[in-house]
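Protein chains: 2
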Amino acid sequence: MKKIIIIVCCFITLTGYSQQSSDLNLMPWPEHIRLTGQKFVIDKNFKVSINSNKGVALKSTTNFIRRITNKSGVFIEEGFSDVNNNEAQLLVNFNKISNLELSNDESYSLEVKEHQIIINAKTDVGASYALETLIQLLSFNDEYFYFPTLTIKDTPRFKWRGLLIDTARHFQPVEVLKRNLRAMAAVKMNVFHWHLTDDQGFRIETKKLPKLNELGSDGLFYTQEQIKEVVQYAADLGIRVLPEIDVPGHASSILAAYPEIGSKKQAYSIERFSGVFNPTLDPTNEQTYVFLDTLISEVAPLFKDVYFHIGGDENEGKHWDENQKIQGFKKLNNLKTNHDLQTYFNIRLEKILEKYGKKLMGWDEILTPEIPKSALIHSWRGVNEGLPKGGTLIKAAKAGYQTVLSTGFYIDRMESVVKHYQTEPIGNAVLTPEERARILGGEATMWAELATPTTIDSRIWPRTAAIAERLWSPKEVNDVGFMLKRLPAVSVGLEDLGLTHIKNRDLILRNIAKSESIQSLKLLADLSEPLKIYSRNKDGIEYKTFSPFMLFADACVADASEAAYFNYLVQNYLKNPTEECKSKIINQFKVWQLGFVDFSKLKMNPNLMSLQEQYKHVSKVAVYGVSFLNGDKKTLSKKELKQLLKELKKPCVDTELMIVDGLYSLFNIE
Amino acid sequence: MKKIIIIVCCFITLTGYSQQSSDLNLMPWPEHIRLTGQKFVIDKNFKVSINSNKGVALKSTTNFIRRITNKSGVFIEEGFSDVNNNEAQLLVNFNKISNLELSNDESYSLEVKEHQIIINAKTDVGASYALETLIQLLSFNDEYFYFPTLTIKDTPRFKWRGLLIDTARHFQPVEVLKRNLRAMAAVKMNVFHWHLTDDQGFRIETKKLPKLNELGSDGLFYTQEQIKEVVQYAADLGIRVLPEIDVPGHASSILAAYPEIGSKKQAYSIERFSGVFNPTLDPTNEQTYVFLDTLISEVAPLFKDVYFHIGGDENEGKHWDENQKIQGFKKLNNLKTNHDLQTYFNIRLEKILEKYGKKLMGWDEILTPEIPKSALIHSWRGVNEGLPKGGTLIKAAKAGYQTVLSTGFYIDRMESVVKHYQTEPIGNAVLTPEERARILGGEATMWAELATPTTIDSRIWPRTAAIAERLWSPKEVNDVGFMLKRLPAVSVGLEDLGLTHIKNRDLILRNIAKSESIQSLKLLADLSEPLKIYSRNKDGIEYKTFSPFMLFADACVADASEAAYFNYLVQNYLKNPTEECKSKIINQFKVWQLGFVDFSKLKMNPNLMSLQEQYKHVSKVAVYGVSFLNGDKKTLSKKELKQLLKELKKPCVDTELMIVDGLYSLFNIE
């Protein structure tokens, strides 16, 4: 933590936040906050009362007590919350149970006074958000834990703050979903986009179409009971669940079960690789719509939400072009392009959904003039540079469609949290109030080609907490340094919800080392990041569904902390070449050298061997770095150094060292 | 790991195992093993075939491939196992699906040749045990992963190898049970004793007696669907599930719902503390038996096993003595003691169980002349010194009862694995073959007054793996050093099953430090152990059910590794005072000093402050130790040293430092 704080102190001076409030590790940052300088001390007499035992409020306040107890270690006498007890230290008041619709009021106010805390909200969801804020406010000195006295008024900027979890590429058991739902609620996200079908698996139990489970799932699917359980669990956390059945493309697993509705006469099977594949439903076959009607009639009632996501993305129509009957159908119906044909399909599907009380949502390929205005457009394409100018979000809003942004929030690309945090959905786009109102918010997308139940949390968190802030907090809350300063504490704070994003990194390193002596591996992992933007799995054929995902790259994360610290030290030193700055860098170099010494003591196996050269290079450059900074006789010639830096730049077992830029600047090498 | 190997090298020379086989980290150690000196190399072409797709065999062989893939990092092409493909490298053959009764044959043979592996077993359970052995055989050099070629013939010494998990004192969600079931199967344990009710909670959903859930569970109970799911999950792993409903004592949660069947007219409520309490069912009230009949009629069908545990322990009968009607009943029926009255109750209950096809099992209080021979006696009392002479096991067997041992296997006492490993169930007792046959085996008992879902794994594992060996392996497999040498690798190996026994220790330390910088805390935790034999929770009133269990003591485990290493170094040095031995101890002292320096850099909170004095003392004694060993001017007078050692001996936040004995010997202080 200390390190991070050093990194960002420079930023903080730039921020508009008072030094006082900048000590707090709130995320998302509230709309209005005013500190009043006192402390509410948490002791064993702490009691909580709520004004209604309706809904889940009573359960969530009791859960709040348990979390504060475990986080503070204070033996709070009363393990349960009370109803209408004005003597309690924490009073939670709300007016009504939320309906979990887009119109739901999620705002709250929180007043912490020296001897009492009062929460007021319109709905139970707003009240539970206030409790999450209060948990993040937990502070301490060396004598006691406390909440700083303050007043907060808070309300979200966007009403749609989602996380997509792909359960098709790798099946994610219910407990994985539940712990991520808890974490979503902790950062005030309210839409769980459940990607349930894809080429690699069909994950919904269906009794009317049992072959989907027998032949399309490897036995890995959610029973209807489990789906209801997850939907209810999410609802209790104020989270809407948006199901997705991806059609007409991404359909290998469907066609493995029902090849007769495919666009090509061939045997189909569950796809084991990653990428975009040709198996596609035949939109000209009436049986396709019978199938979809049957499926939707059974699946739709499992979900409470009005929206139903039909995918609709990445259909290149190869099998349509190869099929004479389909080509004939296009001519007959004056459908010029495959895109027109897909629109025909979407409109048919929209009618089916409507029949079962659902509104259609789809990826932005569905955006065509013919598609009804009731459709919700999910923007994912366009230059992924943050501003949506290349995306379809603004275009859809101006065209009269409600829309949600995922461009810039593709967390499976393993890019830095900074990039996602700087993805401003609206930017400087000029919009009428109506158009602005159609931009509902955004969704982080966790595609799971390379993410298993063991690793998925560290691919989602903590970066998604910063995306949650982007979607909840005012546009002006955008100071990168201030976000980076808060993120580590937020990340550790989320662990009490069962997230494995920190602890499973060590698990993987122990699996590689076959021992608990992983300090040296951990250091290397904190200097390295997995290859980004899908370059880890070139052409989608390096990894199959059941390839090993307990490798070094799986223990690395998108923002390598030790590398960030080193690069910061270098920038700082170049700006301000004091002895102190210099010695800090020298210390890092020595830590790297010791790391390699410890590493070399491990009993080698092939997975450790694959890191040995890389680590040796790190040690070598560290030795040079010390001689360079101390002005001693250089241990490498310029030529050797350049060669070594080239080596360090090379990817190693699907990871890259993030210290290289810092080294180039420090040694002043182009 | 290295450290441990150093510790035990001395032992290994004493063992009867060949140096070769002693490199293997098998646990339980097989009955017969012969190495043949070659290697079966694991590569991408590795294929597995099984001779029948019946039962769970196909699933378990496929699961085996996935585990080998993740453990080795080898990209095995075929992610699924095959049926009757003699070309496969691993052939798994078994004769029949196990019936999961006591008579079940669990034996197997395993032959690893250079190019093929053959498993033969009578039942699918035997075959899956062979696969677990094979996973433990996974070996490596710096070029590849391999299995050493060998032949193993293996069969269990005892047919009852159980683990009790108390889900009443702290509720343990289904995923906690599932991951522990997987780990049980990995060390060939076959009975899950599910302690489902106690004063602190009634955990079974009942539709006929709904108040048990409404008033007796805090809403924390298993639905009948979940119970069936767990029973099936266990069956798929070859594990029988033994339910326990604890009566007539331990009944607070039952009486909170149905006070009318209590022995005393009073208001009852769920118990929040630990210990032995007075609420007891009234054995003289016919309604009690109506209640039990109703309950058993609904619960019994949820479980497949013929045995049903009724508890029957720790009823001190205080409320019986206070109740005139009950005293009258005793006179009338010539029941002299409360024990006689409880026997009357047990016999009535035994009839009810019989009616629903169940055999009665109970703690050894039920052992009375009147109790029918069909009852199974669970021995838990007697001096807990390993040999059962103080226990009831032998007594029961001689009296004609089948019996199971838990004396010596109380893992919640937080004692060393050595103590449990040395608990020999039969010892030198002289038994007839019939009497010996009645001793079915044993059970480790994980009582959960102080164990939550976050900490329970580290209280069960890895020690229970050593108990599993005691119950499976021949009596002669009893070399403590050899067990200690294998245990660390076994412990890390179990993590792939989802156990949190290693990773949640760091989780707790991060919660205490409020940061990821926990190295210094980890060192102190590895020098410390939680207070043993229930002294942590004196009189059961220091902790309530919902007290914090994310404290330093919860991050400590029963065998503090760094302390064991230090004490070993000291013994070694005193035997053999070389410079090398000395410098190793000095290194440890320096590590402790650095630990305190790092610790002091942490941002202090009350939980860290509670460790500060302790850590300062450790650092102080380390400074002295260096001066002592180097023969420099001592930093402490003898008087000061004695005082310091006294301080170090004192418990600190429910933990004790395990280095103190080593320090006394090293400094030669009485």
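Line order of the protein sequences matches chains A and B.
At position 467 of the first sequence (counting the first as 1) the number is 467 in the UniProt record's numbering, and the numbers step up by one without a gap.
At position 258 of the second sequence (counting the first as 1) the number is 258 in the UniProt record's numbering, and the numbers step up by one without a gap.
From the three backbone atoms N, C-alpha and C, an ideal C-beta is built for every residue, glycine too.
DSSP three-state assignment for residue i, whether helix, strand or coil
i: A:M446; result: strand
i: B:S665; result: helix
i: A:K153; result: strand
i: B:F64; result: helix
i: B:V477; result: coil
i: B:K514; result: coil
i: A:F628; result: helix
i: B:P488; result: helix
i: B:W320; result: helix
i: residue 674 of chain A; result: Nothing can be reported for residue 674 of chain A: it is not among the residues displayed for chain A, which extend from 1 to 670.
i: B:D105; result: coil
i: B:L90; result: strand
Assigned exposure category for residue i - 16 Cβ within 10 Å defines buried
i: B:E214; result: exposed
i: B:D539; result: exposed
i: A:N384; result: Confidence at A:N384 is low in this model, with a pLDDT of 40, below 50, so the placement of that residue is unreliable and no value is reported for it.
i: B:F80; result: exposed
i: A:I518; result: buried
i: B:R463; result: buried
i: B:M658; result: buried
i: B:E443; result: buried
i: B:K44; result: exposed
i: B:K188; result: buried
i: A:R34; result: exposed
i: A:A437; result: exposed
i: B:S98; result: buried
i: A:G400; result: exposed
i: A:M609; result: exposed
i: A:D654; result: buried
Contact check, residue i vs residue j, beta carbons under 9 angstroms
i: residue 712 of chain A; j: A:L134; result: Coverage of chain A is limited to positions 1 through 670, which leaves residue 712 of chain A absent and any answer about it impossible.
i: A:L100; j: A:I119; result: no
i: A:I502; j: A:M446; result: no
i: B:S52; j: B:V83; result: yes
i: A:L150; j: A:Q116; result: no
i: A:L181; j: A:E244; result: no
i: A:L349; j: A:L431; result: no
i: B:V618; j: B:L527; result: yes
i: B:Y258; j: B:K211; result: yes
i: A:G275; j: A:I541; result: yes
Cβ-heavy atom distance, residue i to the ligand MG, below 8 angstroms
i: A:P301; result: In the structure shown, the ligand MG is absent, as is every other ligand, since no ligand is present at all.
Chain-ordered neighbours of residue i on chain C, where CB pairs are closer than 7 angstroms
i: B:M604; result: The structure shown contains no chain C; its protein chains are A and B.
Beta-ladder partner(s) of residue i, from DSSP
i: residue 725 of chain A; result: With chain A covering 1 to 670 only, the question about residue 725 of chain A has no answer from this structure.
i: B:W363; result: B:H378
i: A:W160; result: A:G441
i: B:V570; result: Partner(s): none; B:V570 has no beta bridge.
Near-chain B residues of the segment 484-502 of chain A (beta-carbon distance less than 9 angstroms), N- to C-terminal order: Per Cβ criterion, the list reads P488, A489, S491, V492, G493, E495, D496, G498, T500, I502.
Contact residues within the segment 504-537 of chain B, judged by C-beta distance below 9 angstroms to chain A: Within the segment 504-537 of chain B, the qualifying residues are N504, D506, L507, R510, N511, I512, A513, K514, S515, E516, S517, Q519.
Residues of the segment 83-95 of chain B with Cβ closer than 9 angstroms to any Cβ of chain A, in chain order: If the cut-off is 9 angstroms between Cβ atoms, the segment 83-95 of chain B has nothing near chain A.
Members of the segment 579-594 of chain B that neighbour chain A once the beta carbon cut-off is set at 7 angstroms: For the segment 579-594 of chain B, which is checked against every Cβ of chain A, not one residue is closer than 7 angstroms.
Proximal residues, the segment 206-237 of chain A versus chain B, C-beta separation under 9 angstroms: Under the 9 angstroms Cβ criterion, the segment 206-237 of chain A contributes D218, G219, E225.
Contact residues within the segment 538-549 of chain A, judged by C-beta distance below 9 angstroms to chain B: Within the segment 538-549 of chain A, the residues whose Cβ lies closer than 9 angstroms to some Cβ of chain B are E542, Y543, K544, T545, F546, S547, P548, F549, listed in chain order.
The segment 334-359 of chain B: positions lying closer than 8 angstroms to chain A by Cβ: Cβ contacts with chain A come from no residue of the segment 334-359 of chain B.
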